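Accompanying notes for the structure given below.
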Amino acid sequence: MKNILRTSVAAFSLGMIALPGAAQAAIVINIEQNGSDVIGTVSGSLDLTGLTFFRSVANFNGGALNSVEARRGLFLGAEIKKAPSDIYQGIAGPSNWGMGRRLNGQSFSGDTFGIVVDQSSVYLPVGYISNSAIASTATFAGATIASLGLDVGVYSYTTPNDTITVNIGQAALGAVPEPATWAFMIFGFGAVGGALRSNRRRQKNTAQNANIKVSYA
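Each residue of the sequence shown is one higher than the last, beginning at 1108 in our numbering.
Printed below as a string of structure tokens:
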């Protein structure tokens, strides 16, 4: 029984081991209602491999603290005139998050970051090193998801070597396994089931053999 348990645990672990890392998007943007305000948070890191450097801008977002524009798939954040940025192009995904026009927010903290879908662009701190951590928070005071013209949903984008996920009106409920991870999980569960069936057969055979009576003439 101990051997069966070890086999089951090992198989289950094999099926689950790929889940935590493979399922996470590299950059996650959550835009959520928080009381009377809308809060936008950015976390993660971005692999620049395959992206095309476009240009640097000295006055990010025209001097506004932070902005969102649903019809362009635009979310920007930076301190006024204090965050020159590098622009990279090469993202692909949904063209908009609704029909709302551009609105500026009131406060921002953290690293400069932006995504502008209709330009296939991401905005990053000047000199950003590939795969470095990014974390920031933007506040749209007195706003709602509806007043910003945003459609609730999950919007997934790809770069040549990474991913960006935008969650609007709902934070990620959990990582969604990629196909390879599902394969490992299915293999793990299958191995557990196979081990249990094999154990039942052995127990049955043992019981049957114990009931066999041998007689000698």
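Idealized CB from N, CA, C, for every residue including glycine.
Just so it is clear, the structure is predicted and the values come from calculations on it, not from any experiment.
Quick one: what does DSSP say residue i is sitting in, helix, strand or coil?
i: residue 1233; result: coil
i: residue 1193; result: strand
i: residue 1225; result: helix
i: residue 1179; result: helix
i: residue 1118; result: Confidence at residue 1118 is low in this model, with a pLDDT of 46, below 50, so the placement of that residue should be treated as unreliable; the coordinate-derived value is given next. It is helical.
i: residue 1133; result: coil
i: residue 1241; result: strand
i: residue 1282; result: For residue 1282, the predicted structure reports a pLDDT of 42, less than 50, and the residue's modelled location is therefore unreliable. The matter cannot be settled from this model.
i: residue 1256; result: coil
i: residue 1249; result: coil
i: residue 1165; result: coil
i: residue 1128; result: Any reading at residue 1128 must be qualified, since the residue scores a pLDDT of 41, below 50, and its modelled position is unreliable; no value is offered.
Tell me the DSSP bridge mates of residue i?
i: residue 1140; result: 1145
i: residue 1211; result: 1174
i: residue 1261; result: 1274
i: residue 1199; result: 1265
i: residue 1217; result: 1243
i: residue 1160; result: 1195
i: residue 1151; result: 1134 and 1241
i: residue 1184; result: 1173 and 1220
Are residue i and residue j touching if we call contact CB-CB under 8 Å?
i: residue 1147; j: residue 1245; result: yes
i: residue 1240; j: residue 1203; result: no
i: residue 1165; j: residue 1264; result: no
i: residue 1179; j: residue 1225; result: yes
i: residue 1145; j: residue 1252; result: yes
i: residue 1215; j: residue 1184; result: yes
i: residue 1232; j: residue 1156; result: no
Measuring CA to CA, which of the options is closest to residue i?
i: residue 1276; options: 1266, 1205 and 1174; result: 1205
i: residue 1269; options: 1192, 1158, 1218 and 1193; result: 1158
i: residue 1212; options: 1255, 1150 and 1151; result: 1255
i: residue 1362; options: 1230, 1182 and 1236; result: Residue 1362 falls outside the range modelled here, since the chain spans only 1108 to 1324, and no answer is possible.
i: residue 1153; options: 1160, 1134 and 1140; result: 1134
i: residue 1102; options: 1173, 1140 and 1138; result: Residue 1102 is absent from the model: the chain starts at 1108 and stops at 1324.
Hey, is residue i's beta-carbon within less than 8 Å of any beta-carbon in chain B?
i: residue 1255; result: Looking for chain B here will not work: only one protein chain is present.
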